[in-house]
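One structure is given here, and the rest of the page talks about it.
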Amino acid sequence: ENPDLLHALEEDVYYLGEIDKFGRRFYHRGGVKARPLDKKYELPADTAEGRPTRKHWGPLPEEKKNKLEDKLTTVDEKRRQIEYDMTFDHEAEEGNYMEIGEFNDTYRRDQKVKILKPLPDRKQHGTTIEPDGLQHSYQIVGTWARRQSQEMTQNSDGSWYFEFTLGENRWEEFYLTQDGDKKRRIYPHVERAAKDGVAVGPHDGGQSHFWFLDCRERVDVPADQMGVPGDRYRVTFRWKKMKELTWTKLQGEVGEVDRSQYFIAGSWTDFELEELKPDTSRRKGWYSTEVQMTSLGLEFKLVRNEDYSQAIYPVPTKREDRTCGKHAAINGPDASGATFWKVDGVFGGVYRIAFFRDAEDCEPAGMRVEWTKIDDRPVVELEPTYYLVGPFNDWGQKDMRKMRHPPGDVSVFTGEVEIEEMAPDEKSPEKKKFMMPFKIVQHKMPTRCVHPDKDKCTQLMEHKVVMDDKGKDLSWHIGAHPADKAKKGDVFSVKLQIAPTGAMTISWSK
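5 is the number of the first residue of the sequence shown in my numbering; add one for each residue after it.
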């Protein structure tokens with residue numbers, strides 16, 4: 005046993021310091037032998053609620069240097085390990101092994117086990133990126149500039165900085181790039197990261213990782229970081245030994261707040277964005293548009309500045325609900341919006357959909373969505389559109405691949421699908437084939453899913469083609485039949501044929 009190590013671990017434990025008259029428990033890291041936490045960790049609630057801290061529990065110990073520094077993992081080593089893990093290429097790592105063969109499992113004779121052996125000259129597929137000593141430029145990509153790249157300025161000490169004005173959300177998110185190259189991205193090791201965390205890169209990865217500067221009045225937001233639209237902030241990046249990123253509020257400085265734009269993503273546009281125009285007949289902050297009720301119905305959500313990570317959406321009363329009425333609570337702007345408002349109206353009716361946001365109130369309570377019927381007109385149905393979905397786009401969660409049709413002919417639609425190596429059965433991930441499952445969605449609406457009436461369907465199997473909302477576990481599988489002769493990387497053309505009666509057929513060819 006190592007007594008020095010045990011001593012160090014004791015300082016990393018939270019000890020109960022007090023139970024107050026309300027039954028609240030207060031802890032301190034390291035107990036009474038530890039000093040108070042750094043002031044940067046203090047929260048407004050600590051003062052507002054009179055929370056007891058280390059100083060309330062006896063005299064403070066003298067500051068001492070950590071004698072175990074050379075025996076324990078340093079902060080820099082931990083940061084390097086995190087960066088190595090973040091840049092590790094798991095797919096490339098598979099090439100570091102050679103297959104010895106397949107053998108019957110010792111305990112389950114009906115299953116086979118694949119034995120792999122590491123290559124003697126195996127390559128490392130993770131890296132800790134060190135400064136190369138060359139001259140570079142750095143750019144910042146943030147929500148205040150609609151995610152457009154902006155040049156950072158270099159200080160005399162070699163660090164880089166950028167100043168910006170806080171927008172009406174009262175939060176901003178951003179990442180950096182090196183030399184204007186999007187594939188040389190510098191990002192935090194966690195999503196929605198606070199300042200002074202571990203920075204990773206330059207590296208082609210971390211697409212969902214951003215630094216998150218929250219300036220709203222929240223219990224976990226430091227008082228000196230809180231701000232209102234117009235306040236100015238400075239982001240500083242330095243890279244001498246380890247990459248460091250931090251930010252500060254520029255006290256007393258005020259800038260002009262850029263005007264926000266709001267867009268509507270609705271069923272009548274295949275959920276593509278359409279700008280809401282300011283409603284000049286009402287007070288500032290109102291936006292509106294007019295749409296007709298067709299067979300597609302009227303479902304929609306809102307998006308700020310054409311940025312889907314700033315969606316504004318209704319809060320369902322039941323978790324499984326996909327749509328809500330006009331009286332639902334509002335949430336956003338954020339990237340979590342998976343629900344839509346639904347207008348319950350009459351066929352052919354024209355509705356004015358209106359949205360209001362108080363520019364001085366960043367909370368959902370400062371927003372309002374409403375709609376009113378303003379007219380009746382002959383129905384004008386939209387031309388049908390179809391989209392391919394499958395593992396290649398996470399079944400439509402990341403994107404939808406639009407199918408094409410000849411000009412003036414909406415009876416034939418075609419699209420391409422690329423073959424990959426994958427396991428057709430999730431219960432046997434080791435058994436892989438060259439294949440690609442898919443199905444089709446009309447107007448990007450899950451309630452209009454075009455699918456076979458049986459799963460893992462091939463074009464040679466007898467089956468029916470159905471369009472409804474019950475196709476969750478039913479799809480076609482290109483490559484499932486030997487006649488497809490599918491190989492990895494092959495591109496197949498998928499064809500949807502629609503007869504005058506509305507009957508559909510699906511076929512594909514290499």
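Cβ atoms here follow ideal geometry from the backbone N, Cα and C, with glycine treated the same way.
{"Check": "Terminal residues of the continuous beta strand (DSSP E) containing residue 242?", "Outcome": "235 to 243"}
{"Check": "Just to confirm, are residue 4 and residue 239 a CB contact at a threshold of 8 angstroms?", "Outcome": "Absent from the structure is residue 4, since the part of the chain shown begins at 5 and ends at 514."}
{"Check": "Pick out whichever of 345, 312, 234, 123 has its Cα sitting closest to the Cα of residue 212.", "Outcome": "312"}
{"Check": "Output yes or no for whether 8 angstroms exceeds the beta carbon distance between residue 279 and residue 265.", "Outcome": "yes"}
{"Check": "Considering only DSSP beta bridges, list what residue 498 is partnered with.", "Outcome": "419, 512"}
{"Check": "Span of the alpha helix (DSSP H) holding residue 90?", "Outcome": "79 to 90"}
{"Check": "By DSSP, does residue 335 sit in helix, in strand, or in coil?", "Outcome": "strand"}
{"Check": "Quick one: grab the DSSP three-state call for residue 153.", "Outcome": "strand"}
{"Check": "If you check the beta carbons only, do residue 188 and residue 205 fall under 8 angstroms apart?", "Outcome": "yes"}
{"Check": "Relative to the C-alpha of residue 178, which candidate in 104, 283, 152 has its C-alpha closest?", "Outcome": "152"}
{"Check": "Whole angstroms is fine: what's the gap from residue 306's alpha carbon to residue 22's?", "Outcome": "47 angstroms"}
{"Check": "State buried or exposed for residue 263, treating a residue as buried only when at least 16 other CB atoms are found within 10 Å of its CB.", "Outcome": "exposed"}
{"Check": "Give me the DSSP bridge partner(s) of residue 213.", "Outcome": "Its beta-bridge partners do not exist; DSSP assigns none."}
{"Check": "Let me check understanding here. Comparing Cα to Cα, which of 347, 273, 370 lies closest to residue 289?", "Outcome": "370"}
{"Check": "Got a sec, what are the start and stop residues for the alpha helix (DSSP H) residue 169 sits in?", "Outcome": "Per DSSP, residue 169 belongs to no alpha helix (DSSP H); it is in the beta strand (DSSP E), 164 to 169."}
{"Check": "Determine whether the beta carbon atoms of residue 258 and residue 174 lie at a separation below 8 angstroms.", "Outcome": "no"}
{"Check": "Go ahead and pull the three-state DSSP assignment for residue 250.", "Outcome": "strand"}
{"Check": "Is it a yes or a no for the segment 422 to 430 touching the segment 461 to 476, going by three-plus beta-carbon pairs under 8 angstroms?", "Outcome": "no"}
{"Check": "Looking at residue 395: is its Cβ nearer than 8 angstroms to the Cβ of residue 433?", "Outcome": "no"}
{"Check": "Mind checking which residues open and close the alpha helix (DSSP H) that includes residue 293?", "Outcome": "Unbroken run through residue 293 is the beta strand (DSSP E), 290 to 296; no alpha helix (DSSP H)."}
{"Check": "Give me the DSSP bridge partner(s) of residue 191.", "Outcome": "204"}
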